[in-house]
Structure formats: structure tokens, C-alpha cells
Amino acid sequence: MVKDTYSKMLILRFPKGRADSPVVCNLAREYDLTFNILNATIYPRKEGVMVLQLFGTPQNFERGMAYLKQEGIKVQKTEEEIGRNEEVCTHCGTCTAVCPTGALAVSRPDMHVVFDQEKCSVCKLCVRVCPPRAMNLHPVDDLLPEV
Amino acid sequence: MSEFKVNKTYAEINEKIKSGKVVVVTAEEMVDIVKENGPIEAAREVDVVTTGTFAPMCSSGAFINFGHSKPGIKASKTWLNNVPAYAGIAAVDCYIGATEPCEEDPLNRVHPGEFNYGGGHVIHDLIAGEEVHLLATAYGTQCYPNRRIEKMVTLKDLPYAVLCNPRNAYQNYACAINMSTKTVYTYMGVLKPRASNANYSTSGQLSPLFNDPLCKTIGIGTKIFMGGGVGWVSFQGTQYNPNVESTPMGAPVRPARTLMLTGDMKTMNPKFVVGVSILGYGPSLSMGVGIPIPILNEEMAAYTGVGNDDLFTQIFDYGNDYPAGNAKSLQQVSYAELMSGSIRFQGKDVPTSPLSSIVLAREICDILKTQITEGDFLITEPQGMLP
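Below, the structure is given as C-alpha cells:
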């Protein structure tokens, strides 16, 4: 990847009627942004939600965001992220059964459960499934500004 | 004349432990040793094989005596951190079971329930040295007139706190799959519909009872690693069943033997006694258990040399069959395949997840190995054999 590339985890909300247009494809083709779709759902009334990780230069990012806005798509930053309390995790592996993106996976042959936050779509399934409650949900940004 | 080429006694092995000459390996290391040198050579070389397992073991709990108050009480109901503990025993004795949810838990009213705190958590908190709230109520007698006591206690304050687990260290366990069309939340974890994932719970080749499949050295009175401290095999566990189909090496291919274990909580480490919450099922306790297997002869070397390729279990449907009480095997599968992360089931690849921590099982094997090598842990000859 080029030097000044950065990545962002975004939630795109597609209003009714927009879920079938190829906007994500255009982000790649027109704005040179690489994407990794972590979660995508279309709800019964045809609105869609997609969690994706975007990679690109800040400039292309800005242009891509403007394009999404113009297409009527609501863009949100993931405000919460999943963390793991390493002291509490027993590496049992129960969470790997429910993690939809493979962010939680068993590494072999050592059988440690590894957590790759880059792949996490913040679906929160692991938080309730983890037997010793090692997984937690917390805001991405600190609530209080640093002094 | 013995039927074996290598013959060692418990006493001889203990002499080696005391003199620092003992050779101890983990069950995992033993698999390779036996494969390379054969059981006779392995039996000559190795004196003790350490085994270990760490997983939820629901049939666990603690007998606690909380000491007499002034005036005295014959407690008829007790709670520890708002979790009911059975008090239908002597005046200030109670038994806190691992799967008891706390009062006012919404349980499964909103399914699947989270079960954030229960008996297993109380046991963990006590071992971690935390203060626990004790409430006892009584109807009052002439010898014990008090009707209610309430106090904060720590493990140190308690005159007696002993884990007494009626069923631990299951020898083999089912692999769970869901053949129904809806997700189910079971004690075997979350199972997605249409056989989309498979969960299993054993440490396989590290597991104590897989290394002594016919219980030739593990019996009543065997000293073990229990929850980071010292424990003992007290008896066969509940649901103990030796009459199960087995491999030629004696390893059962479905759930079989179990152990009842006892150990002083005051010797234990909270890392190996962990309160857990099983979504949609209830609270429980994950226990770390390790048992040293003395290599008395080449037969024991051969048993401990069996690897995951030669250990098998059955796949059961937890969507329809198991809840209806009609569990039947859908397929046999090896632990080598289960631990690879994917199994071949009915023509498709199904991802697998463990519920049992191999990481902690290995750590237990290593701790036990160090303790024996350094002379801090002697092996014990059973005082009675299991059926």
C-alpha cells in the first residue's frame, strides 16, 4: 500500500431504493479506494446497512465521501469498538463459533484465540457469548477530552 | 513373572521424584516419544506423563462452613452474593452449586438469557480473595435461636471451603451440531442452523481420562492438580459409564467415565477456577484439572502415547434430537479433524470451535511437570479402583 494511505471503519446506511445501486464498486473504480466488506444486511423494508473498512489516500477519501453523500447514503464512523480483556480470556474458543468476520479465530497449532480488531465488524455477538466475559464494547473516542 | 517387559512401582517412581531423577513429560510430548521409540522403550525412558484439561464442568460446587455466630444460628436458607446455596445440612454448612443463578436473574425470560452471575462466579470470587456477602435465615431453635445473620466474608475468614465436584473431567464428550432451521443456544455453545458449525469440548490427547482409558492408575485417592491447588479423586463421578464402545486401545468413542473430585479451595488459583456464563443456558464453572499418570509398564506408555488421530467422538444433533432425548450419533469424527478447525460432515465442510482451552490444558500439564520434576508433587497409588 502507498505511504500516505490510511484505513477507516465505516457504517454505510442505504435508504430504501438505494440498496441495489453499485456505490461501493464505484468507490473502488472512481475514487481508488480499496474496501473490505465486514457485514452487510438488507432489512425487510429494503434499507441496507453495510460495515466496511476503506483504504485509500486522504484526498481520495474526501472525494469518495462526497460521492456517497451525493448518492444519499448516510456515512457513520463506528463509534464503538470491541476490546478484549487479556487477563480474563481463557482461550477456550467459544467466541470463534459466532464471529462472522473471522476477527476472532483459533491460531494453530498453538490453539490461542487471536483477536484481530481490524477485521471486527462490531456485531457484538462475542460480548454475550464469551463465557468468562472477556469481550467488551467501548466507545472509540474518549468521552472526556484529555487534559 | 510379570506380563510386562518394563515394571515400575509407585514407590520406585516416588523415589526417583525425591532423588530428582524422575523423567516427566506431558501427554503431548509422550505421543511423539511412543511413536518414535515404541511403548517399551518409552516406558523405560519416561516415569510420569502429565495430563490436563480446562473447560466448563457444570457438576461442580463447594461445601462451605461459615462459622458459628453469637447467638448461634441453624441456617435453613443461605445466599452468597445473592446466589442461593443449599443449607439443608448442618447448622452453618452449605453447598453452593456452580450452575445456580443469582436471585432476580431474568433467566431465559428474554431468550437467550445472559446469566451474568451465579454459583461458579461466587466460587471464583472467593478463590480470588474477594469479599462475598453472606445472608442466612433460620426458623430458630432453642439451641440456635438466631433467625438471621448477614456479613461479608472472604475465603480466609471461612473455617472450611472445599470444592466437591460430583462430575468432572469427562472421558470424552459429544460434538454438537444443529440440524434444525433455527439457531440454538446450548451448553455446547451457540449452534447455527443447518449444520453450519460444530462445537466440541475436550483437550483430546491431553485429557486425563483419555490417557488412562481403563482407569488402571487413576482411582479413589489419586492426588491431582485441581484448580491450581491440590485435589483428590474421591469416587467415580455421576453418569460414570465404562460400558461404552471403545477403540482397540481402550479409548471410548463417546462420553464414558467421569470423576468426583475434592480439593481445598484455600490452595487454589482463580486462574484455574473461573465462573462462566453460558448464553441461553446458565452460569457454570470452568475447572482446570490435571492428573499425573505413572508409567508403570509399557501398557501405560502405550495408552498415554495415543494421539488425537486415534481419539474419536460422535456428532449429535442439539437442534432436534438431543432436546427430545433422542440423541443418536450422526457421524464419528476424530479429534485431529475437530481440532483442525473444520470437519467433513454430510458432504460439506463445517467449521469447528472448541469450548475447552488447549492453551490452559497445556499450561496445567507444564505446571504439573515442573512440580513433579522439582519433587513437590508425589504420585499416589489408588486406595480403591473405579468400577
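Protein chains in written order, with the UniProt record's numbering: chain A, 1 to 147; chain B, 1 to 387.
Cβ atoms here follow ideal geometry from the backbone N, Cα and C, with glycine treated the same way.
Since the model is a prediction, treat every value here as computed from it, not as a measurement.
{"Check": "Amino acids of chain B, ordered along the chain, whose beta-carbon sits closer than 7 Å to that of Gly93 (chain A)", "Outcome": "Ser353, Pro354, Leu355"}
{"Check": "Nearest neighbour of Arg13 (chain A), chosen from A:Met135, A:Thr41, A:Arg29, A:Leu27 [CA to CA]", "Outcome": "A:Thr41"}
{"Check": "Outcome for Pro101 (chain B) when other beta-carbon atoms lying within 10 angstroms are tallied against a minimum of 16", "Outcome": "buried"}
{"Check": "Every unbroken beta strand (DSSP E) within the region 289–358 of chain B, with a cutoff of 3 residues, ordered by chain", "Outcome": "292–294, 312–317, 331–334, 342–345, 348–354"}
{"Check": "Nearest-angstrom Cα separation, counted from Glu381 (chain B) out to Val6 (chain B)", "Outcome": "18 Å"}
{"Check": "Chain B contact for Thr41 (chain A) (CB, 8 Å cutoff)", "Outcome": "no"}
{"Check": "Buried or exposed by the 16-neighbour rule on C-beta atoms within 10 Å, applied to Cys143 (chain B)", "Outcome": "exposed"}
{"Check": "Amino acids of chain B, ordered along the chain, whose beta-carbon sits closer than 7 Å to that of Met9 (chain A)", "Outcome": "Those do not exist, as Met9 (chain A) stays about 24 Å from chain B at its closest Cβ, beyond 7 Å."}
{"Check": "Per DSSP, the bridge partner or partners of Asn146 (chain B)", "Outcome": "B:Ile73"}
{"Check": "DSSP beta-bridge partners of Ile364 (chain B)", "Outcome": "BP columns for Ile364 (chain B) are empty, so no partner."}
{"Check": "is_contact[Pro22 (chain A), chain B] using C-beta, thresh 8 Å", "Outcome": "no"}
{"Check": "Contact test: Tyr281 (chain B) Cβ vs the ligand SAH heavy atom, cutoff 7 Å", "Outcome": "Only the bare structure without any ligand can be found here, which leaves the ligand SAH out of the picture."}
{"Check": "CB contact check: Pro131 (chain A) to chain B, cutoff 8 Å", "Outcome": "yes"}
{"Check": "Per-residue contacts from Asn197 (chain B) into chain A (C-beta, under 7 Å)", "Outcome": "Ala97"}
{"Check": "Alpha carbon of Pro248 (chain B) to alpha carbon of Pro100 (chain A), nearest angstrom", "Outcome": "40 Å"}
{"Check": "Where Lys74 (chain A) sits in the DSSP three-state scheme", "Outcome": "strand"}
{"Check": "Residue from B:Val122, B:Glu3, B:Val48, B:Asp349 whose Cα sits closest to the Cα of Ser60 (chain B)", "Outcome": "B:Val122"}
{"Check": "Option nearest Asp349 (chain B) by Cα separation, candidates B:Leu360, B:Glu337, B:Ser356", "Outcome": "B:Glu337"}
{"Check": "Secondary structure of Val276 (chain B), DSSP reduced to three states", "Outcome": "strand"}
{"Check": "Which listed residue (B:Leu135, B:Thr50, B:Leu107, B:Cys58) has its alpha carbon closest to that of Ala85 (chain B)", "Outcome": "B:Leu135"}
{"Check": "The region 263–272 of chain B / the region 36–53 of chain B touching (three or more Cβ pairs under 8 Å)", "Outcome": "no"}
{"Check": "Neighbour flag for Ser334 (chain B) against chain A, beta carbons, 8 Å", "Outcome": "no"}
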